[in-house]
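If you count the sequence shown from 1, position 26 lands on 15 in our numbering, and the numbers rise without skipping.
By construction, the Cβ of each residue, glycine as well, lies at the ideal position given by its N, Cα and C atoms.
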Amino acid sequence: MNILITGGFGLVGGRAAKYLQQLGHHIILGSRKESNPPDWLPQGKVAHTDWSKESSLEELCRDVDVVIQAAGVNAQDCSNDPVAALEFNGVATARLHRAASKAGVKRFIYLSTAHVYASSLIGTISENTCPQNIHPYATSHFAGENAILGARQQEKIETVVLRLSNAFGAPMQSKTNCWMLLMNDLCRQAVCQHKLTLRSAGLQRRDFVTLQDVTNAIDHVVNLDTDQVEGKIFNIGGAWTPRVIDMLELVQDRCLTVLGFTPDAIYPKPTKKEVTIDLEFQINKLLSTGFKLSGNVIDEVDEMLLFCQKAFGNH
(Lines of atoms letter the chains of each structure in order from A and count residues from 1; the text may use other names and numbers.)
(Lines give C-alpha, C1' and ligand atoms only; values in the text may rest on other atoms or scores of the structure.)
Protein backbone atom coordinates (compact mmCIF):
# COMPACT_ATOMS: atom_id res chain seq x y z
CA MET A 1 0.00 0.00 0.00
CA ASN A 2 0.90 3.66 -0.37
CA ILE A 3 0.66 5.09 3.15
CA LEU A 4 0.93 8.79 3.98
CA ILE A 5 1.99 9.56 7.55
CA THR A 6 1.68 13.18 8.63
CA GLY A 7 3.87 13.88 11.63
CA GLY A 8 6.12 11.16 10.32
CA PHE A 9 9.20 12.70 11.93
CA GLY A 10 7.56 12.54 15.37
CA LEU A 11 7.79 9.82 18.00
CA VAL A 12 4.83 7.65 16.99
CA GLY A 13 4.84 8.65 13.33
CA GLY A 14 8.53 7.85 12.89
CA ARG A 15 8.32 4.45 14.55
CA ALA A 16 5.17 3.60 12.58
CA ALA A 17 6.82 4.69 9.31
CA LYS A 18 9.82 2.44 9.81
CA TYR A 19 7.73 -0.52 10.92
CA LEU A 20 5.24 -0.26 8.05
CA GLN A 21 8.05 0.10 5.50
CA GLN A 22 9.65 -3.06 6.87
CA LEU A 23 6.35 -4.80 6.18
CA GLY A 24 6.59 -3.78 2.52
CA HIS A 25 4.47 -0.63 2.36
CA HIS A 26 5.53 2.48 0.45
CA ILE A 27 5.75 5.29 3.00
CA ILE A 28 5.32 9.01 2.39
CA LEU A 29 6.20 11.36 5.25
CA GLY A 30 4.27 14.60 5.30
CA SER A 31 6.48 17.48 6.45
CA ARG A 32 6.23 21.26 6.67
CA LYS A 33 9.82 21.40 5.46
CA GLU A 34 11.09 20.04 2.18
CA SER A 35 13.83 17.48 2.78
CA ASN A 36 15.29 14.21 1.62
CA PRO A 37 14.19 10.92 3.19
CA PRO A 38 15.88 10.37 6.57
CA ASP A 39 18.60 7.75 6.99
CA TRP A 40 16.21 5.54 8.95
CA LEU A 41 13.69 5.46 6.07
CA PRO A 42 15.88 5.19 2.96
CA GLN A 43 13.15 3.94 0.61
CA GLY A 44 10.63 6.47 1.85
CA LYS A 45 9.53 9.78 0.39
CA VAL A 46 9.14 13.17 2.03
CA ALA A 47 6.33 15.37 0.71
CA HIS A 48 5.94 19.05 1.55
CA THR A 49 2.74 19.72 3.51
CA ASP A 50 0.98 23.08 3.30
CA TRP A 51 -1.73 22.80 5.95
CA SER A 52 -3.33 26.09 4.96
CA LYS A 53 -4.31 24.99 1.45
CA GLU A 54 -6.76 22.19 0.83
CA SER A 55 -5.61 21.93 -2.79
CA SER A 56 -2.08 21.24 -1.54
CA LEU A 57 -3.37 18.61 0.89
CA GLU A 58 -5.42 17.01 -1.85
CA GLU A 59 -2.33 16.74 -4.03
CA LEU A 60 -0.43 15.30 -1.08
CA CYS A 61 -3.05 12.53 -0.81
CA ARG A 62 -3.05 11.69 -4.52
CA ASP A 63 -2.52 7.94 -5.17
CA VAL A 64 -2.46 7.23 -1.43
CA ASP A 65 -4.35 4.24 -0.01
CA VAL A 66 -4.20 5.09 3.70
CA VAL A 67 -3.59 8.36 5.56
CA ILE A 68 -2.33 8.20 9.15
CA GLN A 69 -2.75 11.58 10.80
CA ALA A 70 -0.03 11.55 13.47
CA ALA A 71 0.73 15.27 13.34
CA GLY A 72 -0.46 17.39 16.24
CA VAL A 73 0.32 20.10 18.78
CA ASN A 74 1.75 18.68 22.02
CA ALA A 75 0.19 19.25 25.44
CA GLN A 76 2.52 22.05 26.54
CA ASP A 77 2.09 24.03 23.32
CA CYS A 78 -1.67 23.47 23.46
CA SER A 79 -1.70 25.01 26.94
CA ASN A 80 0.38 27.98 25.77
CA ASP A 81 -1.84 28.66 22.73
CA PRO A 82 -5.29 27.01 22.89
CA VAL A 83 -6.45 28.73 19.70
CA ALA A 84 -3.52 27.38 17.69
CA ALA A 85 -4.19 23.95 19.23
CA LEU A 86 -7.78 23.99 18.02
CA GLU A 87 -6.77 25.31 14.61
CA PHE A 88 -4.37 22.42 14.05
CA ASN A 89 -5.58 19.41 16.04
CA GLY A 90 -9.17 20.20 15.11
CA VAL A 91 -9.47 22.26 11.93
CA ALA A 92 -6.35 21.07 10.10
CA THR A 93 -7.28 17.44 10.80
CA ALA A 94 -10.74 18.07 9.32
CA ARG A 95 -9.18 19.77 6.30
CA LEU A 96 -6.81 16.85 5.70
CA HIS A 97 -9.68 14.37 6.05
CA ARG A 98 -11.73 16.19 3.40
CA ALA A 99 -8.74 16.43 1.07
CA ALA A 100 -8.04 12.72 1.50
CA SER A 101 -11.64 11.92 0.61
CA LYS A 102 -11.51 14.07 -2.53
CA ALA A 103 -8.24 12.40 -3.56
CA GLY A 104 -9.82 8.94 -3.30
CA VAL A 105 -8.00 7.71 -0.19
CA LYS A 106 -9.65 4.56 1.14
CA ARG A 107 -8.91 4.82 4.88
CA PHE A 108 -8.13 7.68 7.28
CA ILE A 109 -6.62 6.84 10.68
CA TYR A 110 -6.49 9.61 13.27
CA LEU A 111 -4.11 9.26 16.23
CA SER A 112 -5.90 10.97 19.09
CA THR A 113 -5.23 10.72 22.81
CA ALA A 114 -6.66 8.89 25.81
CA HIS A 115 -6.44 12.17 27.68
CA VAL A 116 -9.72 13.28 26.09
CA TYR A 117 -11.39 11.30 28.89
CA ALA A 118 -9.99 13.15 31.92
CA SER A 119 -7.02 15.19 33.12
CA SER A 120 -6.06 12.28 35.38
CA LEU A 121 -7.20 8.87 34.21
CA ILE A 122 -8.71 6.97 37.14
CA GLY A 123 -11.21 4.18 37.56
CA THR A 124 -12.37 2.17 34.57
CA ILE A 125 -11.96 3.84 31.18
CA SER A 126 -13.49 2.45 27.98
CA GLU A 127 -14.54 3.95 24.66
CA ASN A 128 -17.98 4.46 26.23
CA THR A 129 -16.54 6.75 28.91
CA CYS A 130 -17.67 10.33 28.32
CA PRO A 131 -14.75 12.67 27.47
CA GLN A 132 -14.60 15.40 30.13
CA ASN A 133 -11.07 16.81 30.03
CA ILE A 134 -11.15 20.57 29.37
CA HIS A 135 -7.40 20.97 28.78
CA PRO A 136 -6.78 22.41 25.28
CA TYR A 137 -4.77 19.31 24.35
CA ALA A 138 -7.83 17.14 24.99
CA THR A 139 -10.53 19.46 23.63
CA SER A 140 -8.63 20.15 20.40
CA HIS A 141 -8.11 16.44 19.73
CA PHE A 142 -11.75 15.73 20.56
CA ALA A 143 -12.75 18.45 18.10
CA GLY A 144 -10.68 16.70 15.43
CA GLU A 145 -12.35 13.39 16.24
CA ASN A 146 -15.85 14.84 16.00
CA ALA A 147 -15.10 16.67 12.76
CA ILE A 148 -13.86 13.64 10.86
CA LEU A 149 -16.33 11.14 12.30
CA GLY A 150 -19.21 13.49 11.52
CA ALA A 151 -18.05 14.06 7.96
CA ARG A 152 -17.12 10.51 6.98
CA GLN A 153 -20.47 9.54 5.43
CA GLN A 154 -20.66 12.56 3.17
CA GLU A 155 -17.03 12.23 2.18
CA LYS A 156 -17.18 8.46 1.57
CA ILE A 157 -13.93 7.53 3.29
CA GLU A 158 -13.33 4.89 5.94
CA THR A 159 -12.53 6.73 9.15
CA VAL A 160 -11.17 5.38 12.44
CA VAL A 161 -9.91 7.09 15.61
CA LEU A 162 -7.20 5.62 17.85
CA ARG A 163 -6.96 7.03 21.37
CA LEU A 164 -3.43 6.37 22.62
CA SER A 165 -2.48 6.13 26.28
CA ASN A 166 1.10 6.82 27.45
CA ALA A 167 3.29 5.40 24.70
CA PHE A 168 7.01 5.09 25.40
CA GLY A 169 10.07 4.02 23.49
CA ALA A 170 13.04 5.31 21.54
CA PRO A 171 12.38 7.81 18.75
CA MET A 172 13.96 7.55 15.31
CA GLN A 173 16.10 10.65 15.95
CA SER A 174 17.27 12.47 19.06
CA LYS A 175 15.76 15.84 18.07
CA THR A 176 12.25 14.39 18.16
CA ASN A 177 10.12 16.32 20.63
CA CYS A 178 9.44 13.44 23.01
CA TRP A 179 11.61 14.08 26.04
CA MET A 180 8.81 15.45 28.22
CA LEU A 181 7.19 11.99 28.30
CA LEU A 182 7.77 10.24 31.62
CA MET A 183 9.68 7.13 30.58
CA ASN A 184 11.67 8.91 27.89
CA ASP A 185 12.51 11.69 30.34
CA LEU A 186 13.63 9.24 33.03
CA CYS A 187 15.94 7.39 30.65
CA ARG A 188 17.49 10.65 29.47
CA GLN A 189 17.90 11.82 33.07
CA ALA A 190 19.67 8.57 33.93
CA VAL A 191 22.20 9.01 31.14
CA CYS A 192 22.74 12.77 31.39
CA GLN A 193 22.50 13.35 35.13
CA HIS A 194 23.00 9.90 36.70
CA LYS A 195 19.95 10.62 38.82
CA LEU A 196 16.18 10.44 38.47
CA THR A 197 14.04 13.30 39.76
CA LEU A 198 10.27 13.37 40.24
CA ARG A 199 8.19 16.39 41.21
CA SER A 200 5.78 14.21 43.20
CA ALA A 201 5.96 11.03 45.26
CA GLY A 202 4.93 9.13 42.13
CA LEU A 203 1.94 7.32 43.63
CA GLN A 204 -0.37 7.96 40.66
CA ARG A 205 -1.08 5.15 38.23
CA ARG A 206 -0.83 5.51 34.46
CA ASP A 207 -1.47 3.13 31.60
CA PHE A 208 1.74 2.62 29.62
CA VAL A 209 2.05 1.02 26.20
CA THR A 210 5.23 0.18 24.31
CA LEU A 211 5.76 1.81 20.95
CA GLN A 212 6.08 -1.70 19.53
CA ASP A 213 2.49 -2.38 20.53
CA VAL A 214 1.38 1.00 19.17
CA THR A 215 2.94 0.33 15.78
CA ASN A 216 1.53 -3.20 15.76
CA ALA A 217 -1.91 -1.78 16.50
CA ILE A 218 -1.63 0.78 13.70
CA ASP A 219 -0.67 -1.96 11.24
CA HIS A 220 -3.55 -4.07 12.54
CA VAL A 221 -6.04 -1.26 11.91
CA VAL A 222 -4.59 -0.58 8.47
CA ASN A 223 -5.44 -4.16 7.49
CA LEU A 224 -8.83 -4.68 9.18
CA ASP A 225 -11.95 -5.15 7.08
CA THR A 226 -14.15 -2.11 6.52
CA ASP A 227 -16.97 -3.27 8.81
CA GLN A 228 -14.49 -3.63 11.68
CA VAL A 229 -13.13 -0.08 11.54
CA GLU A 230 -15.53 2.26 9.77
CA GLY A 231 -16.53 5.05 12.12
CA LYS A 232 -15.00 3.29 15.13
CA ILE A 233 -13.00 4.60 18.09
CA PHE A 234 -10.40 2.28 19.63
CA ASN A 235 -8.38 2.72 22.80
CA ILE A 236 -4.74 1.71 22.46
CA GLY A 237 -3.03 0.97 25.75
CA GLY A 238 -0.75 -1.58 27.31
CA ALA A 239 -3.19 -3.10 29.82
CA TRP A 240 -0.45 -2.22 32.31
CA THR A 241 -0.92 0.47 34.96
CA PRO A 242 2.13 0.79 37.23
CA ARG A 243 2.64 3.76 39.51
CA VAL A 244 5.04 6.46 38.39
CA ILE A 245 7.43 5.45 41.17
CA ASP A 246 7.37 1.88 39.84
CA MET A 247 8.51 3.18 36.46
CA LEU A 248 11.35 5.08 38.11
CA GLU A 249 12.48 1.93 39.90
CA LEU A 250 12.28 -0.03 36.65
CA VAL A 251 14.60 2.48 34.96
CA GLN A 252 16.99 2.22 37.92
CA ASP A 253 17.06 -1.56 37.63
CA ARG A 254 17.52 -1.64 33.86
CA CYS A 255 20.15 1.10 33.99
CA LEU A 256 22.28 -1.10 36.23
CA THR A 257 21.90 -4.04 33.85
CA VAL A 258 22.35 -2.13 30.59
CA LEU A 259 24.71 0.72 31.50
CA GLY A 260 26.40 -0.60 34.63
CA PHE A 261 25.29 1.96 37.22
CA THR A 262 22.24 2.76 39.35
CA PRO A 263 21.07 6.39 39.16
CA ASP A 264 20.03 8.06 42.39
CA ALA A 265 16.30 8.65 42.91
CA ILE A 266 15.13 12.05 44.16
CA TYR A 267 11.46 12.67 44.98
CA PRO A 268 9.44 14.21 47.83
CA LYS A 269 7.63 12.21 50.48
CA PRO A 270 3.92 11.81 49.80
CA THR A 271 1.49 14.30 51.28
CA LYS A 272 -1.74 13.23 52.94
CA LYS A 273 -3.60 14.01 49.71
CA GLU A 274 -1.36 11.79 47.57
CA VAL A 275 -2.82 8.32 47.27
CA THR A 276 -2.80 5.57 44.67
CA ILE A 277 -6.13 5.27 42.81
CA ASP A 278 -6.94 2.23 40.71
CA LEU A 279 -6.97 2.54 36.93
CA GLU A 280 -8.18 0.15 34.26
CA PHE A 281 -7.72 1.49 30.74
CA GLN A 282 -9.68 -0.99 28.67
CA ILE A 283 -8.68 -2.04 25.16
CA ASN A 284 -11.25 -4.83 24.86
CA LYS A 285 -12.73 -3.31 21.72
CA LEU A 286 -9.41 -3.54 19.88
CA LEU A 287 -8.70 -7.01 21.28
CA SER A 288 -12.08 -8.19 19.97
CA THR A 289 -10.85 -7.57 16.41
CA GLY A 290 -8.06 -10.10 16.89
CA PHE A 291 -5.29 -7.79 18.09
CA LYS A 292 -2.85 -9.11 20.68
CA LEU A 293 -0.37 -7.21 22.81
CA SER A 294 3.15 -8.49 22.20
CA GLY A 295 5.48 -5.61 23.07
CA ASN A 296 8.17 -6.27 25.67
CA VAL A 297 8.48 -3.56 28.31
CA ILE A 298 12.02 -4.50 29.30
CA ASP A 299 13.23 -4.50 25.71
CA GLU A 300 11.65 -1.09 25.10
CA VAL A 301 13.28 0.42 28.20
CA ASP A 302 16.67 -1.12 27.37
CA GLU A 303 16.49 0.21 23.82
CA MET A 304 15.63 3.67 25.15
CA LEU A 305 18.58 3.66 27.55
CA LEU A 306 20.98 2.61 24.80
CA PHE A 307 19.53 5.26 22.48
CA CYS A 308 20.03 7.94 25.14
CA GLN A 309 23.55 6.74 25.85
CA LYS A 310 24.44 7.06 22.15
CA ALA A 311 22.63 10.38 21.62
CA PHE A 312 23.33 12.18 24.90
CA GLY A 313 26.05 10.22 26.68
CA ASN A 314 28.77 12.81 26.03
CA HIS A 315 26.58 15.81 26.80
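- In this structure, residue -5 lies away from residue 33, with their beta-carbon atoms at least 8 angstroms apart.
- The shortest C-alpha to C-alpha distance from residue 196 to any of 270, -9 and 29 is the one to 270.
- Partner residues in the beta bridge of residue 194, as assigned by DSSP, are 232.
- In terms of Cα proximity to residue 76, the closest of 97, 166 and 130 is 130.
- Inclusion of residue 243 and residue 294 in the CB contact set at 8 angstroms is warranted, their separation being smaller than that value.
- With a beta-carbon spacing of about 5 angstroms, residue 88 and residue 43 fall inside the 8 angstroms limit used to define contacts.
- Using a C-beta cut-off of 8 angstroms, the stretch 162 to 181 makes no contact with the stretch 146 to 154, since fewer than three inter-stretch Cβ pairs fall below that distance.
- Residue 292 carries a helical assignment under DSSP once its states are collapsed to helix, strand and coil.
- In its chain, beyond the 5 residues on either side, 201, 202 and 205 have a beta carbon closer than 8 angstroms to the beta carbon of residue 283.
- With fewer than 16 neighbouring CB atoms inside 10 Å of its own CB, residue 263 falls in the exposed class.
- Between the C-alpha atoms of residue 234 and residue 46 there is a straight-line separation of about 44 angstroms.
- DSSP places residue 173 in the uninterrupted alpha helix (DSSP H) bounded by 171 to 182.
- In the DSSP assignment, residue 16 falls within the unbroken beta strand (DSSP E) covering 15 to 20.
- Following the DSSP letters along the chain, one finds residue 128 inside the alpha helix (DSSP H) bounded by residues 125 to 144.
- Counted as a single uninterrupted DSSP element, the stretch harbouring residue 75 is not any alpha helix (DSSP H), since DSSP gives it neither H nor E.
- The beta carbon of residue 168 is closer than 8 angstroms to those of 174 and 177 in its chain, skipping five residues each way along the sequence.
- Between residue 132 and residue 250, the alpha-carbon positions lie close to 46 angstroms from each other.
- Counting C-beta atoms within 10 angstroms of its own C-beta, residue 78 has 16 or more neighbours from the protein chains shown and is therefore classed as buried.
- In the three-state reduction of the DSSP assignment, residue 301 falls in the helix class.
- Around the beta carbon of residue 58, 16 or more other beta carbons lie within 10 angstroms, which makes this residue buried.
- Around the Cβ of residue 198, a 10 Å sphere holds 16 or more other Cβ atoms; the residue is buried.
- For the pair residue 272 and residue 207, the CB atoms are not nearer than the 8 angstroms cut-off.
- Taken atom to atom, the span from the alpha-carbon of residue 101 to that of residue 241 is near 31 angstroms.
- Scanning the stretch 213 to 278 for uninterrupted beta strand (DSSP E) segments of 3 residues or longer gives 221 to 225, 253 to 255 and 268 to 270, listed from N- to C-terminal end.
- Residue 113 counts as exposed, since fewer than 16 other C-beta atoms from the protein chains shown sit within 10 angstroms of its C-beta.
- Residues 38 of the same chain have their beta carbon placed closer than 7 angstroms to that of residue 21, with the five preceding and five following residues left out of the count.
- Boundaries for residue 94: no beta strand (DSSP E) harbours it, and the DSSP string shows neither H nor E there.
- Residue state for residue 156 is assigned as strand, using DSSP reduced to three classes.
- Take the alpha-carbon of residue 256 and the one of residue 183: they are about 14 angstroms apart.
- Here DSSP, grouped into helix, strand and coil, assigns residue 201 to helix.
- Boundaries for residue 162: no alpha helix (DSSP H) harbours it, and the DSSP string shows neither H nor E there.
- Around residue 62, the same chain offers 74, 77 and 78 as residues with beta carbons nearer than 6 angstroms, after the five sequence neighbours per side are excluded.
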